[in-house]
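**Q**
Numbering (this note's numbering), first residue to last: 6 to 319.
Structure (structure tokens):
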């Protein structure tokens, strides 16, 4: 029996491969968030610039620049971009204003429009499109806001928890938002009403940095060195890492997860069904902050640097 288990483990280790990136995109400034469409890659940075890459030529074809802010000493300073999203040719951007409150922008037809000013005194961390009229905002203080841009008002503004926000992600139908915080708890909220649909039995005991969701499966990245996996109708579980887990991702089917692993910033693939570790992606040189699959075999990831990496799984 022991020989059989050892042999099975040996075969698994032989199957696991080390994968290197096929390409590195270099943006203007350190990348904070990015979004990928069929033809373009949009990278938002701490220099107040969105670098727009053509995926065929892999070259920057456009730079979207947010207006600089004036500091207390009268100096011009580029505003750091925190969040970017895309919907039907339109970009949604969040930048840090003069007094650390946020400005929210639309970019469409090569034109920037400010839709929420720092005068609203919101500490927005992320903004996501719900549809052509509504956007969802999440603040550092764990407020969830549904903003109607057609009528220029908030449909609701709810303070969900006393804990600091960790991350949010939308389900694929955009009817629910999954929210994590520094307590390790995970909540599923109804986007239309902000009502809490479910508080998941927490597998994390500390701050959750990042959340990913696809096809009914949610995974989280924790300060407690845990990767938690939640699946509807199944018992949640967690995998242990040897280092803080800063970022996670998941394939559209939900069958394969990925998390940042170790001091060398590797990316570890695993099966969400069997819990088995799969291939390892090597090449990052700084802390990973975003991982996004575009299909079952292709993904992009960014780090605290100007680089975004493109990978293709065997």
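Where a beta carbon is used, it is the ideal one built from N, C-alpha and C, also for glycine.
Do you know whose CA, among 200, 75 and 213, lies nearest residue 186's CA?
**A** 213
**Q** Mind checking residue 19: buried by the 16 CB within 10 Å criterion, or exposed?
**A** In this prediction, residue 19 scores a pLDDT of 49, lower than 50, which makes its location untrustworthy; no coordinate-derived value is stated.
**Q** So what does DSSP say about residue 301, is it helix, strand or coil?
**A** coil
**Q** Ordered along the chain, which non-local residues of its own chain (more than five positions away) have a Cβ less than 7 Å from that of residue 32?
**A** 48, 50, 56, 311 and 313
**Q** In chain order, what residues of the same chain lie with their CB nearer than 8 Å to the CB of residue 54, ignoring the 5 residues before and after it?
**A** The residues are 32, 33, 34, 68, 69, 70, 71, 83 and 86.
**Q** Should residue 204 and residue 141 be called a contact, given that it needs their Cβ atoms to be closer than 9 Å?
**A** no
**Q** Would you mind sorting residue 219 into buried or exposed? The rule is 16 or more other CB atoms within 10 Å of its CB.
**A** buried
**Q** Please state whether DSSP places residue 82 in a helix, a strand or coil.
**A** Correct three-state label for residue 82: strand.
**Q** State yes or no: is the C-beta of residue 206 within less than 9 Å of the C-beta of residue 296?
**A** no
**Q** Straight-line CA distance for residue 233 to residue 271?
**A** 18 Å
**Q** Output the distance between the C-alpha atoms of residue 266 and residue 254, rounded to the nearest integer angstrom.
**A** 12 Å
**Q** If contact is defined by three or more beta carbon pairs under 8 Å, each pair taking one atom from either stretch, is the region 98–105 in contact with the region 148–166?
**A** no
**Q** Among residues of its own chain, excluding the 5 on either side of residue 284, which ones have a beta-carbon nearer than 6 Å to its beta-carbon?
**A** 21, 22, 24 and 274
**Q** Restricting to Cα atoms, I'd like to know which of 121, 36 and 44 is closest to residue 94.
**A** 44
**Q** Around the C-beta of residue 26, are 16 or more other C-beta atoms found within 10 angstroms, so that it is buried, or is it exposed?
**A** buried
**Q** Mapping DSSP to helix, strand and coil, what is residue 206?
**A** coil
**Q** Taking the alpha carbon of residue 164 as the reference point, which residue from 76, 174, 144 and 180 has its own alpha carbon closest?
**A** 144
**Q** Output the residue ranges of the beta strand (DSSP E) runs that lie fully inside the region 53–122 and measure 3 residues or longer, sorted by chain position.
**A** 54–59, 64–70, 86–92, 95–101, 107–113 and 116–121
**Q** Which residues share a DSSP beta bridge with residue 307?
**A** In DSSP, residue 307 forms a bridge with 295 and 313.
**Q** Shortest alpha-carbon distance to residue 134 belongs to which of 151, 79, 29 and 128?
**A** Between residue 134 and the set 151, 79, 29 and 128, the nearest pair of CA atoms involves 151.
**Q** Find out if the Cβ-Cβ distance for the pair residue 46, residue 305 is shorter than 9 Å.
**A** Yes. Within cutoff.
**Q** Can you find the residues in the same chain that come closer than 7 Å, C-beta to C-beta, to residue 245, ignoring five residues on each side of it along the sequence?
**A** 230 and 231
**Q** Give the straight-line distance between the Cα atoms of residue 309 and residue 37, rounded to the nearest whole angstrom.
**A** C-alpha of residue 309 to C-alpha of residue 37: approximately 7 Å in a straight line.
**Q** Please classify residue 16: is it buried, with 16 or more other beta-carbons within 10 angstroms of its beta-carbon, or exposed?
**A** With a pLDDT of 47 at residue 16, under the threshold of 50, the modelled position of this residue cannot be trusted, and the question is left open.
**Q** Is any beta-carbon of chain E found at less than 9 Å from that of residue 125?
**A** Protein chains in the displayed structure number just one, and chain E is not present.
**Q** In this structure, how does DSSP classify residue 190 when only helix, strand and coil are distinguished?
**A** coil
**Q** Going by beta-carbon coordinates alone, are residue 262 and residue 224 separated by less than 9 Å?
**A** Cβ distance < 9 Å, so residue 262 and residue 224 count as in contact.
**Q** What residue does the beta strand (DSSP E) around residue 261 start on, and which one ends it?
**A** 261–266
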